[in-house]
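In the UniProt record's numbering, the protein residues as written are 1 to 285.
Only one structure is covered here, and it is reproduced in the block below.
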Amino acid sequence: MRQPDETVQATIFDTTLRDGELALTQKFTLAQKLQLALMLEAAGVDVIEVGYPGAFRKDRDDLLEVAAQVKQATICGLASSQPEEIEAVAAALKPAERSRINVFTPIRVPSAGAESEAIAAIRQGVSLARRYSGEVEWSAFDATRCPLDVVCRAVETAICSGASIITIPDSMGVARPSEFVALVKSVGDRVPNIDQATLAVHCHNDLGLADENSLAALTVGVRQVECSVNGLGARAGNADLEAIVAAIASQPKFHTGVQAAHLPALSAQVAALAQSLPPKARLEA
1 MRQPDETVQA TIFDTTLRDG ELALTQKFTL AQKLQLALML EAAGVDVIEV GYPGAFRKDR
61 DDLLEVAAQV KQATICGLAS SQPEEIEAVA AALKPAERSR INVFTPIRVP SAGAESEAIA
121 AIRQGVSLAR RYSGEVEWSA FDATRCPLDV VCRAVETAIC SGASIITIPD SMGVARPSEF
181 VALVKSVGDR VPNIDQATLA VHCHNDLGLA DENSLAALTV GVRQVECSVN GLGARAGNAD
241 LEAIVAAIAS QPKFHTGVQA AHLPALSAQV AALAQSLPPK ARLEA
């Protein structure tokens, strides 16, 4: 039993090497990804998302190399529900000591028929990923613009199919804190098997609320926050790693395993690399 003075650990999932690249006209080189992955590992980041092999062939090689060299952090690759994408991630993760497949499925669909297809895709994709990896995350893409009952059915299906981490993303960065908290809390209250999974969030910063939304979600059961160094990411970016870690450290109920002293150097390195790889125009991101 936890003692009253003990705090709950929030898992820190970094997506600089995957989502962060979407802000750049050129992708990180393999050497740059490996350097940043080792720095993230040294800082105590729990999960490092390295790439999306199904969309970018180079990410397959990057994932394979990082998986071979990073030993402490969990190494993660992104895939849609398509079997070939899941199999590409699984193959690249073979050298990893700790691995995770992150499967995403768009659930904002136009009709009941399309919803049935999405549910079938979740079931198929998560089940396949679970055959390859002991740890499967499922992400409800565009959850904040989707009817709550659809979100809940999708989450329940993903857990039944083997997902042990469920991510509620604000994919388009449209939610305000009160709305986002209400959504996450409703998922926790309404999905009957939610206690079999860890709840996570992945927030974008289009309204400047990614950090605030992520932190607010901790108060309603979220135990993993997805973020990136300097908030680097698609469009306006993601929740900021350093800000999230500092804010969690200031809360009496939570802590992370991240060593904050490592983060300034990491921030400076990512800033230098991002400056050498020109950022995309906002409309292109």
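Quick reminder that beta carbons are idealized off the backbone N, C-alpha and C, glycines included.
Taking the alpha-carbon positions, what's the residue i to residue j distance?
i           : j    : result
L38         : A246 : 21 Å
N238        : E21  : 12 Å
Q8          : K253 : Here the sequence assigns Val to residue 8, which means Gln is not the residue at that position. One C-alpha to the other measures close to 6 Å.
G51         : T15  : 8 Å
A96         : V136 : 14 Å
L215        : P169 : 13 Å
S80         : L183 : 23 Å
G54         : A274 : 24 Å
G257        : Q26  : 31 Å
A249        : A114 : 43 Å
residue 340 : V201 : The first residue shown for the chain is 1 and the last is 285, placing residue 340 beyond what the model contains.
V103        : A197 : 15 Å
A10         : R235 : 26 Å
V174        : V47  : 25 Å
G44         : Q32  : 19 Å
V126        : L36  : 29 Å
H204        : D240 : 10 Å
I165        : L64  : 22 Å
E242        : Q259 : 10 Å
I'd like the span of the beta strand (DSSP E) that includes residue i, first residue to last.
i    : result
L78  : T74 to A79
I107 : No beta strand (DSSP E) holds I107; DSSP gives it neither H nor E.
I12  : T11 to D14
Does the beta-carbon of residue i have 16 or more other beta-carbons within 10 angstroms, so that it is buried, or is it exposed?
i    : result
F56  : exposed
E117 : exposed
R18  : buried
E84  : exposed
Q3   : Bear in mind that the predicted position of Q3 carries a pLDDT of just 35, short of 50, making it too unreliable to give a figure here.
K94  : exposed
T219 : exposed
A154 : buried
E49  : buried
T29  : exposed
E41  : buried
G134 : exposed
R131 : exposed
A261 : exposed
Going by CA-CA distance only, name the one from the options that's closest to residue i.
i    : options                   : result
V181 : N213, T167, D189 and S171 : N213
L232 : S250, Q259, L266 and L218 : L266
L78  : F13, R235 and Q32         : F13
V191 : S164, A234, T157 and S133 : T157
D206 : V187, M172 and V225       : M172
R176 : T144, G188, D62 and G162  : T144
Could you please give the first and the last residue of the uninterrupted alpha helix (DSSP H) stretch that includes residue i?
i    : result
H157 : The sequence given here has Thr at residue 157, not His. T157 -> alpha helix (DSSP H) spans L148 to C160.
R60  : R57 to Q69
E117 : A112 to Y132
V270 : L263 to S276
A92  : P83 to A92
| Taking three-plus beta-carbon pairs below 8 Å as touching, is the stretch 142 to 154 in contact with the stretch 108 to 118? | The stretch 142 to 154 is in contact with the stretch 108 to 118.
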